[in-house]
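Residue numbers (my numbering): 3 to 154.
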């Protein structure tokens, strides 16, 4: 094995996860959205001087980090950022989120996936997707009782 291949294997074995890091305007508001609204769990936090400044959230195998800006960046947060969560059943998540008062776009089929899209309080776009065999561009309201039509 070449030295380059050994280095690549070592690097590949060492990298374990990519975690989105969102800078937010109001961390308490963002926590309510992610924990109470979407069902994430806060597993780590940084609380200098008794005030939460950073946290690590988890939902299933997905993680993300939030940190409150100390000064406003003077630009629109979340612009151009989209995180795609690959799920077992995006339709079930859509129903859960809706029952908690979270506004999500009606699920549709795109690229053989049920997709529901929502935005967090800072404008970060969150896509929840799961495999399906339903026809492309099908809307949930058009499908057979909203069945997920998952592939086996």
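C-beta: ideal position from N, C-alpha, C; glycine also.
In this text the structure is predicted, and so the values were computed from the model without any measurement.
**Request:** Report back the beta-carbon spacing between residue 46 and residue 84 to the nearest angstrom; my notes put them in contact at under 8 angstroms.
**Result:** In fact, because the Cβ distance is near 24 angstroms, the residues do not count as touching under 8 angstroms.
**Prompt:** For the putative contact between residue 88 and residue 131, defined by C-beta atoms under 8 angstroms, what is the C-beta separation to the nearest angstrom?
**Reply:** 6 angstroms
**Prompt:** What's the gap between the Cα of residue 104 and the Cα of residue 4?
**Reply:** 52 angstroms
**Message:** As a quick exercise: from 28, 51, 19 and 21, pick the residue whose alpha carbon is nearest that of residue 123.
**Reply:** 28
**Request:** List the endpoints of the continuous beta strand (DSSP E) containing residue 119.
**Result:** 115 to 121
**Prompt:** Going by beta carbon distance, what residues of the same chain come within less than 7 angstroms of residue 148, once the five residues before and after it are set aside?
**Reply:** A caution first: residue 148 carries a pLDDT of 48, below 50, which makes its placement in the model too unreliable to give a value.
**Item:** Rounded straight-line distance, which links the Cα of residue 112 to that of residue 135
**Value:** 10 angstroms
**Asked** Straight-line CA distance for residue 71 to residue 48?
**Response** 14 angstroms
**Request:** Have a look at 109, 79, 62 and 30 and flag the residue whose alpha-carbon is nearest the alpha-carbon of residue 56.
**Result:** 30
**Prompt:** Taking the C-alpha atoms as reference points, what is the distance between residue 63 and residue 54?
**Reply:** 24 angstroms
**Item:** Delimiting residues of the alpha helix (DSSP H) encompassing residue 33
**Value:** 29 to 33
**Asked** How is residue 98 classed by DSSP in three states: helix, strand or coil?
**Response** helix
**Request:** Could you tell me the distance, in whole angstroms, from the CA atom of residue 43 to the CA atom of residue 145?
**Result:** 32 angstroms
**Request:** Would you list the residues sitting across from residue 69 in a DSSP beta bridge?
**Result:** 25 and 56
**Asked** Nearest-angstrom Cα distance between residue 79 and residue 108?
**Response** 24 angstroms
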